[in-house]
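Presented below is the structure to which this report refers.
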Amino acid sequence: MPQLDAEHPQWFDWRWQLQNNLDGPQLADLFGTAHVLAQPDGFEVGVTPWFAQLCRESGGAGPLARQVVPSAAEYSHAAFERDDPLGEDPHRVAPGLVRKYPDRVLLLVTDTCASYCRYCTRSRWVASHQEPLGRDALDEAITWIEDHPAIADVLISGGDPLLLSTRRLSNLLDRLAAIPHLRFIRIGTRVPVFLPMRIDADLATALRPRRIPVYVNVHINHFAELPEYTRSKLAMLADAGVPLGGQAVLLKGVNNDVDTLRETFYRMLTCRVRPYYLFHCDPVKGTSHLRTSVDEGLELMRELVGHVSGMAVPKYCIDLEGGGKVPLWPEYVEKKTPESLWVRGYAGQVQAYPNEVQSRDAQD
Ligand code: SF4
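This is how it looks when you write it as structure tokens:
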């Protein structure tokens, strides 16, 4: 077991952190949880010393550890759970490239992550120990995008794209930015949470806006994932002109209470990370112990909307198998007529609101 504190001489070396990822038995020792015997179809286990230490500081086997420490519950599967709950595999159009929408594509550049989330939507593929998308495969994917002028937006994901070398990531962004019909590029990452020391001045420069902006959406589920060191790294990106968005997954025993969500979204905003999505946890095989009902998600949204700044309220989304994201919103309209809506305000009062441009009386 590596020494788990910042006094370790290589603590801030991100390669040392990756090389010393904690495995299942080490995590079980550390958090006093049952050691889950690896099964052939089990998802990769690995947690950076940085995040393991953060888990300890925030309550041992509490909300942070629950996201990354394996549980025997992973091996019971509900009938509706899927390996590929978003139905991505049938929409592969080139190596690493998934097209589910008319104007945007998902580019999966690596299957490696800094740590492995037990609810990962792509657990069927992540950590399958493939090389990052090779030169020929990447050429094929980029040629496909060049040949399809309807594509305006490329989301680079994986695995975690910020684990590519800075040179490789920068080259990829240069090549995409040179495609005239692209309007912007997005990167999805959890590196600022699992491996904040990966962010340095060179990486911030690589992520700078080019002809088109590069939006970085950071996966953050709990305010305790944003200690001061991580906040300073997000500030480095924001100062370099990188627009930052926040994505959270609603998880039972992690963030399914309004106080945690409120604090998480406010803390994102103080880091210049705009809360963007709150995803309902996808029905991936073996995740029912981490999933809430959709009703609970809607009730939590009702407790946020109007009670906190609109900037701190992300879109709550479910993702349909093959059908894309669907935003869900609590029901506020109690009754509707051609003349009026009866609408419930955030504090609970119901009042009428005109449903017409001009009243019928005025038309007469
Ligand atoms: S960081 Fe993202 S891709 Fe990696 S295991 Fe977690 S959810 Fe999956």
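Counting the sequence shown from 1 gives a position; the working numbering is that position plus 1027.
Ideal Cβ positions, reconstructed from N, Cα and C, are used throughout, including at glycine.
- Beta-bridge annotation (DSSP): GLN1080 is not paired with any residue.
- Separation of the CB atoms of VAL1063 and ALA1099 is rounded to 5 Å, and the pair is thereby assigned contact status at 8 Å.
- In chain order, ILE1226, ALA1231, LEU1234, VAL1243, LEU1271 place their CB closer than 7 Å to the CB of LEU1264, counting only its own chain and leaving out the 5 sequence neighbours on each side.
- Bridge pairing for TRP1369: LYS1362, ALA1379 [DSSP].
- Between TYR1256 and PRO1219, the alpha-carbon positions lie close to 10 Å from each other.
- For ALA1275, the enclosing beta strand (DSSP E) covers residues 1271 to 1277.
- Around the C-beta of GLU1101, 16 or more other C-beta atoms lie within 10 Å, and the residue is accordingly described as buried.
- Set against 7 Å, the gap from the CB of GLY1185 to the closest heavy atom of ligand 1 is smaller.
- TYR1143 has its CB nearer than 7 Å to a heavy atom of ligand 1.
- If you check the C-beta of CYS1082 against ligand 1, you find no heavy atom less than 7 Å away.
- In the three-state DSSP reduction, HIS1316 falls in the helix class (H, G or I).
- Secondary-structure assignment with DSSP links ASN1244 through a beta bridge to GLY1215, GLY1272.
- Three or more beta-carbon pairs separated by less than 8 Å link the stretch 1276 to 1286 to the stretch 1318 to 1329, which places the two stretches in contact.
- Relative to ligand 1, ARG1149 has its C-beta within less than 7 Å of a heavy atom.
- Separation of the CB atoms of ASP1056 and MET1224 is rounded to 24 Å, and the pair is thereby denied contact status at 8 Å.
- The alpha-carbon separation between PRO1122 and ARG1131 amounts to approximately 16 Å.
- HIS1246 has its CB nearer than 7 Å to a heavy atom of ligand 1.
- Beta-carbon to beta-carbon, TYR1146 and GLU1071 are separated by about 13 Å, too far to satisfy the 8 Å threshold.
- The Cβ atoms of ARG1217 and ASP1187 lie closer than 8 Å to each other.
- Look at the beta carbons and you see the stretch 1105 to 1118 not touching the stretch 1071 to 1084: under three pairs across the two are nearer than 8 Å.
- Secondary structure at SER1150: coil, using DSSP grouped into helix, strand and coil.
- Shown here, LEU1045 sits in a helix according to DSSP, grouped into three states.
- For ARG1289, the CB contacts under 6 Å within the same chain, skipping 5 residues up- and downstream, are VAL1335 in chain order.
- Contact between the stretch 1356 to 1366 and the stretch 1377 to 1388 is established, with three or more Cβ pairs separated by less than 8 Å.
- Here HIS1118 carries a helix assignment [DSSP, helix/strand/coil].
- VAL1332 and ARG1299 have their C-alpha atoms spaced approximately 20 Å apart.
- By the Cβ-count criterion, PRO1341 is buried, with 16 or more other Cβ atoms from all chains shown falling within 10 Å of its own Cβ.
- Distance from the C-beta of CYS1140 to the nearest heavy atom of ligand 1 is below 7 Å.
- At least 8 Å separates the beta-carbon of ILE1169 from that of LEU1209.
- Annotation for PHE1058: the continuous alpha helix (DSSP H) segment containing it runs 1051 to 1058.
- Here HIS1316 is near LYS1279, since their CB atoms are less than 8 Å apart.
- Looking from the CA of PHE1250, the closest CA among MET1295, GLN1274, THR1137, LEU1222 belongs to MET1295.
- Excluding its 5 nearest sequence neighbours in each direction, PRO1159 has C-beta neighbours in its own chain below 7 Å: VAL1136, THR1137, LEU1191, listed in chain order.
- Counting only the Cα atoms, GLU1358 lies some 44 Å from ASP1050.
- In the DSSP assignment, PHE1306 forms a beta bridge with VAL1276, CYS1344.
- With a cutoff of 8 Å on beta-carbon distance, ASP1229 and THR1193 are scored as near each other.
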